[in-house]
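For the sequence shown, my numbering begins at 2 and goes up steadily by one.
Notes follow the structure.
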Amino acid sequence: MSSIRRCAVIGAGVIGAGWAARFVLNGFDVSIHDPQPEAERRARATLANAMRARERLTLAPIGKLGELCFVATLAEAVRDADFIQENAPEREELKRALLRDIDVHAPAAALIASSTSGLLPSRLQAGMEHPGRFLVGHPFNPVYLLPLVELCGGRATDPASIDAAHDFYASLGMHPLHVRKEIDGFVADRLLEALWREALWLVHDEVATVSEVDDAIRYGAGLRWAFMGTFLTYRLAGGEAGMRHFLAQFGPALKLPWTKLMDVPELTEDFIEKLADQSDRQAAGASLEALEQKRDDCLIAIMQALRAQDFASGKTLAAYEEKLFADAHRGNGAATPPDTSQPLRLHEGVVRTEWIDYNNHLTESRYLQAFGDASDALTSFLGVDAAYRASNGSFYTAETHLIHLREIACLEPFFVTTQILHGDEKRIHLFHLMHHARTQEPLASAEQMLLHVDAKTGRVSAASPEVAKRVLALRDDQAGLPAPAQAGRAIQKRK
Ligand SMILES: NC(=O)c1ccc[n+]([C@@H]2O[C@H](COP(=O)([O-])OP(=O)(O)OC[C@H]3O[C@@H](n4cnc5c(N)ncnc54)[C@H](O)[C@@H]3O)[C@@H](O)[C@H]2O)c1
């Protein structure tokens with residue numbers, strides 16, 4: 002949501018640190034308050050994990066990162082915040098007291114969300130002066146990667162707060178799920194808790210070890226859950242007659258005492274020891290950091306595979322990437338249209354950590370990637386969008402000449418300016434110049450020839466009259482610009 006500029010995080014344990022990382026990666030400055038002296042170190046480690054995961058998740062450009070700032074008091078943290086996420090321990094009295102304080106010290110227009118896993122929002126907001134702006138925003142660990150966030154309002158929540166939080170979370174690449182009925186545990190934790198109880202019983206009753214219980218999930222149902230959930234999966238298990246047949250066949254078994262449901266095994270010292278000991282053996286000495294990275298890499302592998310299917314969380318990832326490209330393609334949809342008589346500044350980014358070579362500098366192949374993104378920014382400026390690509394076609398790069406001028410280091414910001422050297426209905430001859438965003442120094446240039454290719458025939462074709470008109474207009478607007486020094490160059494053969 003455009004009115005949100007600064008975020009505050011109250012309580013930066015596992016979940017608060019995950020939120021802080023997601024906010025920072027999306028360009029928001031974050032003020033954090035947590036009385037624990039170790040909280041800052043842990044939050045910065047989480048941010049490093051999140052950066053690593055983000056590099057692997059998508060090739061979409063990373064924009065300007067936000068900054069983390071730890072402050073000594075809650076009042077200081079929320080004073081200038083537009084969005085506040087509370088993540089203190091799951092104790093109702095503590096949360097109610099914190100939310101009252103947040104409400105007193107936050108700006109009047111700020112939204113306030115709690116990460117509670119299951120406490121009722123009506124009870125949490127009861128002591129607040131302005132309860133209309135409060136809601137539950139329940140995330141899943143790791144918050145910087147998992148898209149789901151459950152939204153639940155209390156009796157006093159203004160529906161507009163739910164809508165605003167929905168838009169904000171979606172802009173961070175998340176999938177907000179509105180839990181319309183206020184209920185302990187919301188939707189996801191009710192399901193997870195039922196499974197967790199049964200898993201504990203299976204270990205308690207010596208039916209299986211912790212590792213065997215995990216295998217029973219990850220080699221079977223867990224793989225299906227990642228994209229179909231429970232109901233769609235069982236629909237298929239019912240064959241051609243679908244859910245009706247599935248219920249007829251397996252419905253009666255629900256009455257058999259297969260599960261213990263509400264019974265909970267007593268968490269005696271002996272049982273806790275048994276669970277912890279088996280869990281240690283399962284981890285086989287792997288560190289927390291190694292397991293977190295393995296978890297993140299596997300989540301990324303699943304989301305990327307689902308993106309190729311345009312399904313479930315893969316659809317969310319694809320939509321997020323579209324937004325990241327649109328954000329990076331500055332000038333597209335900007336309030337003031339760019340001056341088309343000058344080279345256009347349509348694309349900017351940051352040198353990602355995976356783009357660097359052994360000298361800590363941007364490696365060669367990634368220059369082409371950045372210039373390719375700049376060409377996409379130009380064609381999108383000229384009116385080529387997803388609908389145009391599907392019905393008409395798009396511009397393909399036929400030829401590129403790169404010249405390297407200066408190096409740029411890891412995480413440094415850059416922008417690209419683009420000049421049209423020639424253009425007609427079928428081709429765009431252009432010149433990109435990459436600049437360092439802080440020093441403005443030119444870093445590299447790319448001269449490219451783009452050809453318009455028809456979506457159906459795969460052959461070079463004229464662009465639509467509308468797009469062709471924009472190409473010609475831009476060519477004419479820039480006709481008076483001097484030819485760049487590097488344009489038209491080729492590597493000379495020594496005589
Ligand atoms: N861990 C999960 O998987 C998970 C998932 C979703 C939601 N949640 C919810 O998120 C919230 C936080 O859970 P967590 O797992 O991050 O717990 P945690 O114990 O890791 O972190 C809680 C943090 O709150 C801090 N804190 C304590 N008192 C505070 C105060 N007065 N002001 C500010 N900070 C204070 C603690 O120092 C600690 O760093 C809980 O409501 C929990 O139910 C947890």
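Using N, Cα and C, we set each Cβ at its ideal position, and we do this for glycine too.
Going by Cα to Cα distance, which pick from the options is closest to residue i?
i, options, result
"A378", "L125, Y145, V204 and H348", "H348"
"A410", "A242, T354, T418 and G223", "T354"
"P108", "S115, F84, M129 and A319", "F84"
"V144", "L136, S116 and D159", "S116"
"R53", "L112, A291 and E130", "A291"
"M129", "A157, V214, N27 and P258", "A157"
"R390", "H453, M175 and A127", "H453"
"V79", "Y235, A127, E91 and C8", "C8"
"L473", "R495, I429 and K256", "I429"
"G350", "L233, A375, A49 and Q283", "A375"
"A61", "Q449, G174, Y170 and D271", "G174"
"L146", "E213, Y235 and I303", "I303"
"D168", "L112, A309 and I16", "L112"
"R407", "S392, T401, E442 and S118", "E442"
"R55", "Y321, S465, G394 and L369", "Y321"
"C299", "E39, D30, R57 and F24", "R57"
"M244", "P253, F232, N361 and L255", "F232"
"A313", "A329, D281, I301 and M229", "M229"
"D185", "R236, R124 and Y220", "R124"
Determine the burial state of residue i: buried for a count of at least 16 other Cβ atoms within 10 Å of its Cβ, exposed for fewer.
i, result
"Q498", "No statement about residue 498 is possible, as the shown extent of the chain runs from 2 to 496 and does not include it."
"Y397", "exposed"
"A249", "exposed"
"I273", "exposed"
"V105", "exposed"
"F326", "buried"
"M263", "exposed"
"W197", "exposed"
"I5", "buried"
"C497", "With the chain represented from 2 up to 496, any question about residue 497 goes unanswered, as that position is not in the structure."
"L224", "exposed"
"T380", "buried"
"E151", "buried"
Which of the three DSSP states, helix, strand or coil, is assigned to residue i?
i, result
"G350", "strand"
"S288", "coil"
"A484", "coil"
"E87", "strand"
"D374", "helix"
"D264", "coil"
"G332", "Caution applies to G332, whose pLDDT of 49 falls short of 50 and renders its modelled position unreliable; the value that the coordinates give is listed next. Here G332 sits in coil by DSSP."
"C299", "helix"
"H183", "It is worth fixing the name first, because residue 183 is Glu in this sequence and not His. Coil, per DSSP."
"E130", "coil"
"S395", "strand"
"I492", "coil"
"A410", "strand"
"G240", "helix"
"L75", "helix"
Which residues in the same chain as residue i place their Cβ atom closer than 7 Å to its Cβ, once the five residues preceding and following it in sequence are excluded?
i, result
"A18", "R43, A44 and T47"
"T260", "E199"
"G332", "Here the model assigns G332 a pLDDT of 49, short of 50, so the residue's position is not dependable, and the following value carries that caveat. Same-chain partners within the cutoff: P339, L345, R346, L347 and F382."
"Q420", "P344, L431, F432, Q479, L482 and P485"
"L203", "A209 and V214"
Can you find the residues in the same chain that come closer than 6 Å, C-beta to C-beta, to residue i, ignoring five residues on each side of it along the sequence?
i, result
"I404", "S446 and Q487"
"G239", "H246 and F247"
"E93", "L120"
"F372", "H433 and A447"
"D35", "G12 and A13"
"A76", "H106"
"Y170", "V150 and P177"
What does DSSP give as the partner residue(s) for residue i in the beta ladder?
i, result
"R225", "According to DSSP, R225 bridges with nothing at all."
"Q449", "T401 and L431"
"S465", "Note: S465 sits in no beta bridge, so no partner."
"A9", "S32 and I85"
"T418", "R346 and L434"
"L121", "Beta-bridge pairing links L121 to no other residue."
"S115", "E87 and V137"
"D455", "G394"
"L149", "H176"
"L363", "I357"
"P443", "H436"
Verify the CB distance criterion: does residue i have a CB-CB separation below 8 Å to chain D?
i, result
"Y170", "The chain inventory of the structure shown lacks chain D, comprising one protein chain alone."
Which residues in the same chain have their Cβ closer than 8 Å to the Cβ of residue i, if we skip the five residues on either side of it in sequence?
i, result
"A217", "A209"
"K295", "A287"
"L257", "none"
"L276", "L201, V204 and V211"
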